[in-house]
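Engineer:
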Amino acid sequence: MLHEIKYRILTIYRDRQAAFWSLLFPIILGTLFSLAFGNFGKDIDTIDTAIVKEDTSDSARAFENYLKEIEKSDSKVIKLKVMSDKKAKQSLKKGNISGIYYVKEKPELTVTDSDMQVSILKELLSEYDQNVSLYKDIAKEHPEKLEEIIKDNSYYNMSKEVGISGKEVHGVVQYYFALIAMACLFGGYVGYTIGIQLQANINKVAIRRNISSFGKLKMIVCDTLVGWGVQTVNVSVCLLYLKYILKIDIGSNMPKMFAVCMVGSLIGVSSGIFIGCLGNMSYEFKIGVITTYSLLSSFLAGLMIAQIKGAIEKYCPIVNRINPAALISDAIYSMDIYDEPSRFNLDMFIMIFMAVLFTGVSFLIMRRKRYDSI
Numbered sequence: 476m477l478h479e480i481k482y483r484i485l486t487i488y489r490d491r492q493a494a495f496w497s498l499l500f501p502i503i504l505g506t507l508f509s510l511a512f513g514n515f516g517k518d519i520d521t522i523d524t525a526i527v528k529e530d531t532s533d534s535a536r537a538f539e540n541y542l543k544e545i546e547k548s549d550s551k552v553i554k555l556k557v558m559s560d561k562k563a564k565q566s567l568k569k570g571n572i573s574g575i576y577y578v579k580e581k582p583e584l585t586v587t588d589s590d591m592q593v594s595i596l597k598e599l600l601s602e603y604d605q606n607v608s609l610y611k612d613i614a615k616e617h618p619e620k621l622e623e624i625i626k627d628n629s630y631y632n633m634s635k636e637v638g639i640s641g642k643e644v645h646g647v648v649q650y651y652f653a654l655i656a657m658a659c660l661f662g663g664y665v666g667y668t669i670g671i672q673l674q675a676n677i678n679k680v681a682i683r684r685n686i687s688s689f690g691k692l693k694m695i696v697c698d699t700l701v702g703w704g705v706q707t708v709n710v711s712v713c714l715l716y717l718k719y720i721l722k723i724d725i726g727s728n729m730p731k732m733f734a735v736c737m738v739g740s741l742i743g744v745s746s747g748i749f750i751g752c753l754g755n756m757s758y759e760f761k762i763g764v765i766t767t768y769s770l771l772s773s774f775l776a777g778l779m780i781a782q783i784k785g786a787i788e789k790y791c792p793i794v795n796r797i798n799p800a801a802l803i804s805d806a807i808y809s810m811d812i813y814d815e816p817s818r819f820n821l822d823m824f825i826m827i828f829m830a831v832l833f834t835g836v837s838f839l840i841m842r843r844k845r846y847d848s849i
């Protein structure tokens, strides 16, 4: 058994493609993020912004108060100007303002350019939407705590991006959370290597393994555990690199952070094994499936556009409940920023269920495979 584990570890690390995507690429991308966002939030000029009041509903007033608290904060991020819709659009066209917030039941933002100031305005709206979504969840699950949480997490604190736990964070940290999720899902390349080396009809290593006395269930479980361990180490290296080399404030509760990464890595590896065992498609096709699955999941979790996760939560929340990358980033948010144990536990439960499902289906697929001769 120990010999088998040692052999599997060596086999995985000798696969250069799996090693690059699961270990090196997240580190490279994290470095590029650090270079791009290094001065984010520092020495930013006050952003002239118009607000157009379209109704006086409670939600509209709440959003207006949120913007006013940000304007009054020490950071002086925005300067608000109340205008009519027509005048606001004219000012935006002339470049006198950077954006228009429409104060109504469902707040909206109108911009024309795509620069740092516009990104900040979008981030403020995204943060507001996420906090509103969080309050709604708490109102359903723990209504008795809602008043206390709202009082503690005042609009001023929201404008400083302080979570319910009291931890101050910056909006760009969401990109790093999505990056960590992507690093976990890139365990699919490790899992794919394992899945291929279980099938005697397409791999010479698998021929030797299938004629051994090692049962298929033991083989799959052993390979999954080894791949899980390898990918957990890969993600841990990425995590430590972000926190201690790049000095990114990704969280203070490192034990729980590692726990999230362990479960996320298990999903990545088990999904890769599942794809590797599935059908008789070509090597290139299956690698393409893993790449598409990992990047699409990460994109929907906010890796490329931070606001997309909040928009999905607002209009189609079920996607965030089945998207592994969104679950990983949400678990980190719930653990370190929102301090919402029930939400964290739900995210972890769904991820574990998905990993067990992938592993179980992979075993059923492999058990049905028979070879006339090897």
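Residues in the sequence shown are numbered consecutively from 476, following our numbering. By construction, the Cβ of each residue, glycine as well, lies at the ideal position given by its N, Cα and C atoms. Predicted, not measured: the structure shown is a model, and the values here were computed from it.
1. Below 8 Å on the Cβ atoms is my contact criterion, and I expect I522 with S559 to pass it. Report the Cβ-Cβ distance as a whole number of Å.
2. Just to confirm, are A801 and L775 a CB contact at a threshold of 8 Å?
3. Taking contact to mean 3 or more Cβ pairs, one atom from each stretch, closer than 8 Å, check whether the segment 707-717 and the segment 652-667 are in contact.
4. Between the C-alpha atoms of C752 and T668, what's the straight-line distance to the nearest angstrom?
5. Thinking I742 and P799 are a contact (beta carbons under 8 Å), I'd like their distance in whole angstroms, please.
6. Should M779 go down as buried or exposed, given a rule of 16 or more other Cβ atoms within 10 Å for buried?
7. Could you tell me if F495 is buried or exposed, where buried requires 16 or more neighbouring beta carbons within 10 angstroms of its beta carbon?
8. How far does the beta strand (DSSP E) with G690 in it extend, from its first residue to its last?
9. Given F833, which residues of its chain have a CB within under 8 Å of its CB, disregarding the five upstream and five downstream residues?
10. Where do the N-terminal and C-terminal ends of the beta strand (DSSP E) with Y577 fall, by residue?
11. V701 and I840 look like a contact to me (Cβ under 8 Å); what is the Cβ gap, rounded to whole Å?
12. Could you please give the first and the last residue of the uninterrupted beta strand (DSSP E) stretch that includes V552?
13. Tell me, which residues are paired with T585 by DSSP?
14. Is there contact here, the segment 781-788 with the segment 762-769, by at least three beta-carbon pairs under 8 Å?
15. When you compare each of Y577, L510, M829, R818 to K722 by their alpha carbons, which one comes out closest?
16. Can you list, in chain order, the residues of its chain whose CB lies under 7 Å from that of W703, leaving out five sequence neighbours each side?
17. Assess, as a yes-or-no matter, whether the segment 500-510 is touched by the segment 540-558 under the definition of 3 or more beta carbon pairs within less than 8 Å.
18. Taking the beta carbon of E759 as the centre, do at least 16 other beta carbons fall within 10 Å, making it buried, or is it exposed?
19. With H, G and I counted as helix, E and B as strand and the rest as coil, what does DSSP make of K611?
20. Taking the alpha-carbon positions, what's the V442 to S594 distance?
21. Within the continuous alpha helix (DSSP H) that includes I503, where are the two ends?
22. Would you identify the three-state DSSP class for K722, choosing helix, strand or coil?
23. Answer yes or no: do A781 and Y650 have a C-beta to C-beta separation smaller than 8 Å?
24. With respect to 7 Å, is the separation between the Cβ of M729 and the closest non-hydrogen atom of the ligand ZN below this value?
25. Report the residue from F838, I803, R843 whose alpha carbon sits nearest the alpha carbon of F824.
26. With burial defined as no fewer than 16 other Cβ atoms inside 10 Å of the residue's Cβ, what is the status of L692: buried or exposed?
27. Do L599 and P582 come within 8 Å of each other at the CB atom, strictly closer than that value?
28. Using the C-alpha atoms, what's the distance from D612 back to P618?
29. Can you tell me where the beta strand (DSSP E) with I780 in it begins and where it stops?
30. Looking at the structure shown, is D490 part of a helix, part of a strand, or coil, going by DSSP?
31. Round the Cβ separation of I695 and S837 to the nearest angstrom and send it over; I've been treating them as touching at under 8 Å.
32. Per DSSP, which one or two residues make a beta bridge with K528?
33. Run through the DSSP bridge pairs and tell me what D523 is partnered with.
34. Roughly how many angstroms separate the alpha carbons of K642 and V665, rounded to a whole number?
35. Among the candidates L499, S727, K579, T524, whose CA atom is the shortest distance from the CA of D533?
36. Of all the options V738, L477, I762, which has the alpha carbon lying nearest to the alpha carbon of V831?
Structural biologist: Let me spell this out:
1. That pair is no contact at about 20 Å.
2. yes
3. yes
4. Put simply, the backbone Cα of C752 is about 10 Å away from that of T668.
5. 5 Å
6. exposed
7. The residue in question, F495, is exposed, as its Cβ has fewer than 16 Cβ neighbours within 10 Å.
8. Per DSSP, G690 belongs to no beta strand (DSSP E) and is neither H nor E.
9. I742, S745, S746, I748, F749
10. 574-578
11. No, V701 and I840 are not in contact; Cβ-Cβ is about 19 Å, not under 8 Å.
12. Counting along the chain, V552 falls outside any beta strand (DSSP E), and DSSP gives it neither H nor E.
13. I575
14. no
15. L510
16. S740, L741, V744
17. no
18. exposed
19. Here DSSP, grouped into helix, strand and coil, assigns K611 to helix.
20. Residue 442 lies beyond the stretch modelled for the chain, which goes from 476 to 849, so this question has no answer here.
21. 500-512
22. coil
23. yes
24. Inclusion of the ligand ZN in the displayed structure is not the case, the ligand content being empty and no account of it being possible.
25. I803
26. Around the beta carbon of L692, fewer than 16 other beta carbons sit within 10 angstroms, so the residue counts as exposed.
27. Not closer than 8 Å, so no.
28. 9 Å
29. Here I780 belongs to no beta strand (DSSP E), and DSSP marks it neither H nor E.
30. coil
31. 6 Å
32. V578
33. Paired residues: K554.
34. Here K642 scores only 49 on pLDDT, less than 50, and its place in the model should not be relied on; the value that follows carries that caveat. Going by the C-alpha atoms only, they are around 35 Å apart.
35. For D533, the nearest C-alpha among the options comes from K579.
36. When each option's Cα is compared against that of V831, the closest is V738.
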